[in-house]
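Just so it is clear: in the sequence shown, position 174 is 174 by the working numbering, and no numbers are missing. Structure, as structure tokens:
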Amino acid sequence: MNHFILTPFFLDRPERGLDELVEANWLINRPILPVGSPQERMVFLYRPLARMVAAALAKGQRPISVAGDCCTSIAMLAGLEQAGVRPTLIWFDAHGDFNTWQTTPSGFLGGMPLAMGVGRGEQTIVQGVGLTPLPEAQVILTDARDLDAAEREALAASGVVHLPHVTDLLDYALPEGPLYVHFDTDVLTPTVAPAMNYPAAGG
């Protein structure tokens, strides 16, 4: 049984338009956040999400998180870990989300969650939700057609498996055990899903 959880935020900012997605029986994660840095506020946003994920798994349900950005994946991984699950992560994204403060040309925190999740760069959120970083060898990044230069180098030197084409997954031998599938809609062609903050040509 699927268990939907909506976090109507973009990073640490409320994103009210996401409320229109809510259906019956969805849980909504909308805590009151304290004053602080975006990372500090996101810790308070993600702790309850992690608990909701763990609670769903304890009931034999499949947690599905819907949110305005990819950083909520940190909370998903933390909730899975709380439930004793250390999955293989399949990351569908037009971008690598593998930047750190040292590689990012934009300073955009939303371009860092995959790096954070494997223990690279910014770790305030990871530590705040109690996540043990996932080993890079347990991560499969597919597409990532729009990479920054230094990000591309970091990815190539990492243990992350990069499959440039989504169809490459059809021939890839997935490991035994649980999977966590992360899906950013920007992996689609922008004309199919035009309401994206950071569209990338192709898809």
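Ideal Cβ positions, reconstructed from N, Cα and C, are used throughout, including at glycine.
To the nearest angstrom, how far is the alpha carbon of residue i from that of residue j?
i	j	result
His95	Val181	15 Å
Ala254	Pro48	Examination of residue 254 is not possible in this model, given that the chain is present from 1 through 203 alone.
Ile64	Leu80	12 Å
Glu15	Thr7	9 Å
Gln123	Ala154	17 Å
Ala144	Pro135	19 Å
Leu11	Gly68	7 Å
Ile32	Thr132	26 Å
Tyr46	Val126	10 Å
Pro34	Ile74	19 Å
Gly36	Leu170	44 Å
Thr185	Val22	17 Å
Gly17	Trp26	16 Å
Ala115	Gly107	14 Å
Asp19	Glu40	24 Å
Between residue i and residue j, how many whole angstroms is the CB-CB distance? I'm expecting something under 8 Å.
i	j	result
Pro113	Asp148	So it is not a contact: roughly 15 Å between Cβ atoms.
Leu109	Cys71	7 Å
Arg205	Met1	No answer is possible for residue 205: it lies beyond the span of the chain, which begins at 1 and ends at 203.
Thr103	Ala150	4 Å
Pro77	Gly117	At residue 77 the sequence reads Leu, which differs from the Pro that was named. With 8 Å as the limit, Leu77 and Gly117 qualify as a contact, their Cβ atoms being about 6 Å apart.
Measuring CA to CA, which of the options is closest to residue i?
i	options	result
Ala54	Thr7, Phe4, Glu23 and Ala83	Ala83
Val166	Phe183, Arg152 and Ala150	Phe183
Phe9	Val85, Asn29, Val22 and Asn25	Asn29
Gly60	Pro38, Gly68, Ser73 and Val85	Val85
Val187	Val126, Gly117 and Leu141	Leu141
Val206	Ile5, Gln39, Thr189 and Leu33	For the chain, the structure presents residues 1 to 203; residue 206 sits outside this window and is missing.
Pro164	Ala75, Leu77 and Trp91	Trp91
Arg120	Leu21, Leu33, Leu131 and Asn99	Asn99
Val139	Pro178, Thr189, Leu45 and Gly111	Pro178
Ala58	Asp97, Gly111 and His3	His3
Pro38	Arg13, Ala173, Leu170 and Pro31	Arg13
Asp146	Asn25, Gly36, Thr132 and Gly111	Gly111
Gly130	Pro87, Phe44, Val160 and Ile32	Phe44
Val160	Gly17, Leu89 and Leu170	Leu89
Leu93	Glu40, His162 and Ala75	Reading off the sequence, residue 93 comes out as Asp, not Leu. If we check each option's Cα against that of Asp93, His162 comes out closest.
Gly152	Ala56, Glu20 and Asp97	Gly is not the amino acid found at residue 152; the sequence shown has Arg there. Ranking Ala56, Glu20 and Asp97 by Cα distance to Arg152 puts Asp97 first.
Glu176	Arg41, Gly36, Pro87 and Ala75	Pro87
On the DSSP bridge list, what partners appear for residue i?
i	result
Leu163	Thr142
Pro63	His3
Ile28	Leu6
Trp91	Leu141 and His182
Arg13	Phe10
Check whether the Cβ of residue i lies closer than 8 Å to any Cβ atom in chain B.
i	result
Gly79	Going by chain labels, chain B is absent from the structure shown, which holds only one protein chain.
Going along the chain, which unbroken runs of the alpha helix (DSSP H) with 4 or more residues stay wholly within the segment 31-59? 38-58
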